[in-house]
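So the structure is just underneath, and the comments pick up after that.
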Amino acid sequence: IKSVKKGGTVVIATVGKIPNFLAFEEKTVRGTLIGSMKDMEKVIEIAGKNNFKVVTESFPLEEANEVLERLKNSDIEARAVLIP
1 IKSVKKGGTV VIATVGKIPN FLAFEEKTVR GTLIGSMKDM EKVIEIAGKN NFKVVTESFP
61 LEEANEVLER LKNSDIEARA VLIP
């Protein structure tokens, strides 16, 4: 990963346990940066002082298709987290 330039792409080609929606539908998973490290430290500090509760629902990765449907139907309150 260190050898990939900013904005570069890493492609992992393998035969293994890859969710069908990624492998066969040629979809890409990307991360995003929403602020600097300093910004995130400040957010964590504020959240800790004010006792924020992060609203998420966690699901096993195998339920990804069902979770996607629930998201499309607005059946999930905030964020869905898939756990491998």
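Once you know that position 20 of the sequence shown is 20 in the working numbering, the rest is easy, because the numbers rise by one and skip nothing.
C-beta atoms are modelled at their ideal positions from N, C-alpha and C, and glycine is treated no differently.
Quick caveat: nothing in here was measured; it's all calculated off a predicted structure.
Just curious, the alpha helix (DSSP H) that residue i is in, first and last residue?
{"i": "residue 83", "result": "Taken as a continuous stretch (DSSP letters only), residue 83 belongs to no alpha helix (DSSP H), being part of the beta strand (DSSP E) at 79-83."}
{"i": "residue 51", "result": "It is not in any alpha helix (DSSP H) - residue 51 carries neither H nor E in the DSSP assignment."}
Of the choices the options, whose alpha-carbon is the least far from that of residue i?
{"i": "residue 56", "options": "82, 38, 2", "result": "82"}
{"i": "residue 60", "options": "7, 10, 84, 3", "result": "84"}
Beta strand (DSSP E) containing residue i: first to last residue?
{"i": "residue 63", "result": "No beta strand (DSSP E) holds residue 63; DSSP gives it neither H nor E."}
Give me the Cβ distance between residue i and residue j, rounded to the nearest whole Å; I'm assuming they're in contact under 8 Å.
{"i": "residue 67", "j": "residue 80", "result": "5 Å"}
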